[in-house]
């Protein structure tokens, strides 16, 4: 999968969308080459993922791209996906049946082997259609390579080109797709609700593919992608079992009819039917059905436990934080937050992410720059930040820098430094940051808001430790606390 530098967030909407789309197209072309020249067990799967990623991206940004992603190309990509559905489903089922074969009893083996042979025929039939897949994909690729690099801009005589920041546009798209996923999950009324679960899985995939290109450059982005992958796997397991049960039901009916036909070909005194009974397919088919039922129940339990209402609430809160970060990045960084003094660190604390932070301030009167070094579960990062204003809403300009730049400038902050351990705890759509200062006896809580007049509801786990709000108290500004 293509990767992108942090500067992708600094570009315009049209450049960002189209650059990422072309990179996704190149990924799909490489996967098709692998599939058609040196295929392995995962080649078809990886090609299909590349196609889904490209389709999801183009669909999500269709309004912005306009004629750059004509219907002809999207229809061709849809046919590519549809034409490989059967073969991929058969490959996954064949792998599952092969895993069950070593444990099969002698009585069950005939039915299981018959199933493996039938599914193997489907795989070979699907492989024979690869030429059509290549042709369809070539049609889409040619159109996209011609159209995506071209776009129009509106120029104002005095104001110049009117371009929407990519980060701002992407924030809006993320929120739309997160809302779609949330609604679909709300409509799931049971793990047997196959149709709704399938729609939720598709919505989860689309949100993941939209976030993946920029997630490495957003705090908490990797964790959200990990959760989306887990959701996709859990829903995928349920979907596979439902699909297999429907498929095997048809095969069972065919096997029963075939067995009846064979028996009818012989007279009652012919010994052949007795020999055929010893190779009865039904015990093996029944064993497969029983095993599927057991796995379905296990998958249902895993889904119910892993994606409870509380888990979903925290997850969508984390997604909203990513959208908020994108929007703030694109508009030049208006930071809206409230700050509270705590009597002590709350205990127990809900699950969250721990950061180790050291920050210092360069000399200055009206213009004070902050240097920050952060250790997160995802690694180390370094930042340069300028803030202006006081109270709830302040201007914040921030950019990521390198270790070398940080270390060169850090000595200038001597005498104006702060060290703290930050716990990032989602609570609904908000993210609470609990700062336990390691160089003094002080604990503060901060929460970033979407608008300055937003009402803050302090979570029950935090409320007992809140002394008072200190948002506008200069003594609790980090730059003034630094020493």
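Residue numbers (my numbering): 57 to 539.
Every residue, glycine too, gets a C-beta built ideally from N, C-alpha and C.
Quick caveat, the model's predicted, so the values are computed rather than measured.
*Around the Cβ of residue 280, are there at least 16 other Cβ atoms within 10 angstroms (buried) or fewer (exposed)?*
buried
*Please state if the CB of residue 426 and the CB of residue 441 are separated by a distance shorter than 7 angstroms.*
yes
_Residues in the same chain with beta-carbon distance under 7 angstroms from residue 256, minus the five sequence neighbours each way, listed in chain order, please._
237, 240, 241, 244 and 291
*Report buried or exposed for residue 270, applying the criterion of at least 16 other Cβ atoms within 10 angstroms of its Cβ.*
buried
*Determine the direct distance from the alpha carbon of residue 250 to that of residue 228, and round the result to whole angstroms.*
29 angstroms
*Below 8 angstroms, can you find three or more Cβ-Cβ pairs linking the region 364-377 to the region 390-403?*
no
*Buried or exposed: residue 513, going by 16 or more other Cβ atoms within 10 Å of its Cβ?*
exposed
*Can you give me the Cβ contacts of residue 354 inside the same chain, cut-off strictly under 7 angstroms, excluding the 5 residues immediately before and after it?*
none
*Helix, strand or coil for residue 529, going by three-state DSSP, please let me know.*
coil
_Helix, strand or coil at residue 517 according to DSSP, with G and I counted as helix_ = coil
*Which residues mark the beginning and the end of the alpha helix (DSSP H) in which residue 353 is found?*
338-362
*When DSSP builds the beta bridges, which residues end up paired with residue 476?*
413 and 493
*Taking 8 angstroms as the threshold, find out whether the region 463-477 comes into contact with the region 400-415 through three or more Cβ pairs.*
yes
*Enclosing beta strand (DSSP E) for residue 232 [first to last residue]*: Looking at the DSSP string, residue 232 is not in any beta strand (DSSP E); the run it does join, the alpha helix (DSSP H), is 222-242.
_According to DSSP, residue 154 sits in a beta bridge with which residue or residues?_
Its beta-bridge partners do not exist; DSSP assigns none.
*Among 107, 142 and 145, which has the Cα closest to the Cα of residue 129?*
107
*In chain order, which alpha helix (DSSP H) runs of at least 4 residues are fully inside the region 89-161?*
99-116, 118-121 and 127-156
*asked:* Quick check on the burial criterion: 16 or more other C-beta atoms within 10 angstroms. Buried or exposed for residue 260?
replied: buried
*Given residue 201 as reference, the closest of 69, 84, 517 and 63 once Cα atoms are compared*: 84
*Which stretch, first to last residue, makes up the beta strand (DSSP E) that contains residue 461?*
Run containing residue 461: none in the beta strand (DSSP E); it sits in the alpha helix (DSSP H), 459-465.
*asked:* If I measure Cβ to Cβ from residue 274 and keep anything under 6 angstroms in the same chain, skipping five residues before and after, which residues do I get?
replied: 378 and 381
_Beta-carbon separation (whole angstroms), residue 351 vs residue 266, contact threshold 8 angstroms_ = Actually they are not in contact, since the Cβ atoms of residue 351 and residue 266 sit about 31 angstroms apart, beyond 8 angstroms.
*Are the Cβ atoms of residue 140 and residue 104 separated by less than 7 angstroms?*
yes
_According to DSSP, residue 483 sits in a beta bridge with which residue or residues?_
486
*Between residue 473 and the ligand GTP, is the CB less than 6 angstroms from at least one heavy atom?*
Absent from the structure shown: the ligand GTP. Ligands present: none.
_Secondary structure of residue 439, DSSP reduced to three states_ = strand
*Can you have a look at residue 65 and say buried or exposed, based on whether 16 or more other CB atoms are within 10 angstroms of its CB?*
buried
*Apart from the five residues just before and just after residue 197, which ones in its own chain have a Cβ nearer than 7 angstroms to its Cβ?*
81 and 85
*Output the distance between the C-alpha atoms of residue 62 and residue 180, rounded to the nearest integer angstrom.*
44 angstroms
_Whole angstroms are fine: how far does the CA of residue 480 sit from the CA of residue 385?_
19 angstroms
*From residue 146 to residue 455, what distance separates their C-alpha atoms?*
48 angstroms
*Work out the CA separation of residue 148 and residue 166 for me, nearest whole Å.*
20 angstroms
*asked:* Restricting to runs no shorter than 4 residues, where is the alpha helix (DSSP H) found entirely within the region 173-205?
replied: 186-203
*Sorted by chain position, which residues of the same chain lie with C-beta nearer than 7 angstroms to residue 176's C-beta, five sequence neighbours on each side aside?*
150
*Along the chain, where does the beta strand (DSSP E) that runs through residue 537 open and close?*
Premise fails: residue 537 lies in the alpha helix (DSSP H), 534-537, not in any beta strand (DSSP E).
*Taking all protein chains shown into account, do 16 or more other C-beta atoms lie within 10 angstroms of the C-beta of residue 590, making it buried, or fewer, making it exposed?*
Nothing about residue 590 can be reported from this structure: the residues present for the chain run from 57 to 539 only.
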